[in-house]
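Residue numbers (my numbering): 656 to 986.
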Amino acid sequence: MNINKAKENLKEVGFLELDTPKDLDYIKEILKLKKEKNAVILAHYYQEPAIQDIADFVGDSLQLSYKANEVDADLIVFAGVHFMAETAKILNPDKKVVLPDLNAGCSLAESCEAKDLQAFKDKHPDHLVITYVNTSAEVKAISDLCCTSSNAKKIVESIPKDQPIIFAPDRNLGAWIKKETGRDMLIWDGACIVHEAFSIDKLIDVHKKNPKAKIIAHPESPDYILKASEYVGSTSGMINYVKNNPAQEFIVATEAGILHEMRKEAPKKIFIPAPVEDASCSCSECPYMKMNTMKKLYLCMKYELPAVQVPEDVRKKALIPIQRMLEISAR
Ligand code: 13P
Ligand code: SF4
656 MNINKAKENL KEVGFLELDT PKDLDYIKEI LKLKKEKNAV ILAHYYQEPA
706 IQDIADFVGD SLQLSYKANE VDADLIVFAG VHFMAETAKI LNPDKKVVLP
756 DLNAGCSLAE SCEAKDLQAF KDKHPDHLVI TYVNTSAEVK AISDLCCTSS
806 NAKKIVESIP KDQPIIFAPD RNLGAWIKKE TGRDMLIWDG ACIVHEAFSI
856 DKLIDVHKKN PKAKIIAHPE SPDYILKASE YVGSTSGMIN YVKNNPAQEF
906 IVATEAGILH EMRKEAPKKI FIPAPVEDAS CSCSECPYMK MNTMKKLYLC
956 MKYELPAVQV PEDVRKKALI PIQRMLEISA R
């Protein structure tokens with residue numbers, strides 16, 4: 656079922672108009688539903704703090720894929736964005752997977768439609784296709800391998816050197832991997848709206864005011880931000896870095912939701928969100944990730960809606976590059 660059809664169905668059953676009593680204790684009710692329904696809540700580090708705190712497991716894209724692969728629950732509640740919940744469904748066709756807000760998309764996934772990738776593949780038939788997990792099931796279904804920011808280097812390096820590669824859809828991650836591995840890849844021109852918003856001039860200013868702070872960045876950030884950074888890595892990589900590095904101050908160039916986990920892991924350290932170009936917007940918050948709220952989490956657990964669906968023929972094909980990724984990544 657495509658997303659638009661699913662949204663129409665939600666409208667039909669009146670789900671979009673549902674409200675909750677004013678004084679409802681969401682924490683208590685969500686914990687109750689979790690027990691009643693044998694549900695597991697998986698949340699990404701970019702979710703709002705209250706959602707991270709109530710989740711059974713909080714992780715980055717790769718950790719969440721592994722977790723989704725091994726959960727023993729009747730209901731998987733995915734507090735993240737659509738492609739993540741879809742990946743969980745691809746791995747668990749017999750389980751119900753729900754996402755608090757079906758509109759929680761991703762600018763990277765939207766930048767790469769399956770028909771366009773297929774046309775590009777047709778022009779380069781000798782190329783192997785590696786796609787970032789931030790893509791739709793249809794795109795995964797025509798990919799040879801998936802990767803996340805945690806394992807992209809390992810995945811690319813697992814391919815024989817003489818094998819040409821198409822890397823999609825993130826141009827920044829692709830360029831960084833190209834530099835790290837020395838592989839000459841054809842890179843799709845997609846980008847994450849959050850990481851593209853960081854300002855290098857303002858970052859330099861913030862660093863001048865906090866000269867002891869180490870700049871760390873997610874590889875979805877543009878080259879000029881990565882060049883100014885002492886560490887580049889996935890969200891879990893960044894969390895481990897701030898935990899283990901002796902420095903006491905860090906300027907963090909990724910979605911601001913990650914600061915919650917960093918402050919939990921290293922409560923005495925200081926974390927400064929990297930500045931964005933337009934100071935009037937909260938651009939370092941992913942508008943898609945932040946569509947999920949405690950209220951929507953509660954409603955989605957109560958009514959088990961919206962459920963993520965993937966047509967079986969697409970699911971079977973999309974499963975192959977995901978499983979290849981999990982297998983190579985675990986080596
Ligand atoms: P990771 O979870 O792989 O670090 O990626 C961040 C991201 O943008 C997820 O949408
Ligand atoms: Fe997509 Fe960027 Fe949001 Fe991650 S932070 S879900 S890559 S738009």
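Just so it is clear, CB atoms sit at the ideal spot from N, CA and C, and this is done for glycine as well.
Every value quoted in this text rests on a predicted model; they were computed, and no experiment measured them.
Any idea what DSSP makes of residue i, helix, strand or coil?
{"i": "residue 836", "result": "helix"}
{"i": "residue 697", "result": "strand"}
{"i": "residue 768", "result": "coil"}
{"i": "residue 817", "result": "coil"}
{"i": "residue 692", "result": "coil"}
{"i": "residue 726", "result": "coil"}
{"i": "residue 841", "result": "strand"}
{"i": "residue 934", "result": "coil"}
{"i": "residue 661", "result": "helix"}
{"i": "residue 962", "result": "strand"}
To the nearest whole angstrom, what separates the beta carbons of residue i and residue j, a pair I think is in contact under 8 Å?
{"i": "residue 875", "j": "residue 828", "result": "6 Å"}
{"i": "residue 905", "j": "residue 868", "result": "6 Å"}
{"i": "residue 892", "j": "residue 805", "result": "7 Å"}
{"i": "residue 987", "j": "residue 822", "result": "An answer regarding residue 987 cannot be provided, because it is not within the stretch 656 to 986 covered by the chain."}
{"i": "residue 820", "j": "residue 973", "result": "With 8 Å as the limit, residue 820 and residue 973 do not qualify as a contact, their Cβ atoms being about 19 Å apart."}
Around the C-beta of residue i, are 16 or more other C-beta atoms found within 10 angstroms, so that it is buried, or is it exposed?
{"i": "residue 986", "result": "exposed"}
{"i": "residue 1017", "result": "With the chain running from 656 to 986 in the structure shown, residue 1017 is simply not present."}
{"i": "residue 873", "result": "buried"}
{"i": "residue 679", "result": "exposed"}
{"i": "residue 930", "result": "buried"}
{"i": "residue 859", "result": "exposed"}
{"i": "residue 671", "result": "exposed"}
For residue i, list the residues DSSP reports as bridge partners.
{"i": "residue 801", "result": "786"}
{"i": "residue 928", "result": "907"}
{"i": "residue 751", "result": "730"}
{"i": "residue 886", "result": "871"}
{"i": "residue 825", "result": "845"}
{"i": "residue 713", "result": "698"}
{"i": "residue 853", "result": "931"}
Taking residue i as the reference, give the member of the options with the closest Cα.
{"i": "residue 751", "options": "820, 900, 694 and 901", "result": "694"}
{"i": "residue 935", "options": "782, 972 and 852", "result": "852"}
{"i": "residue 795", "options": "983, 970, 981 and 982", "result": "970"}
{"i": "residue 923", "options": "715, 944, 939 and 901", "result": "901"}
{"i": "residue 688", "options": "959, 965 and 975", "result": "959"}
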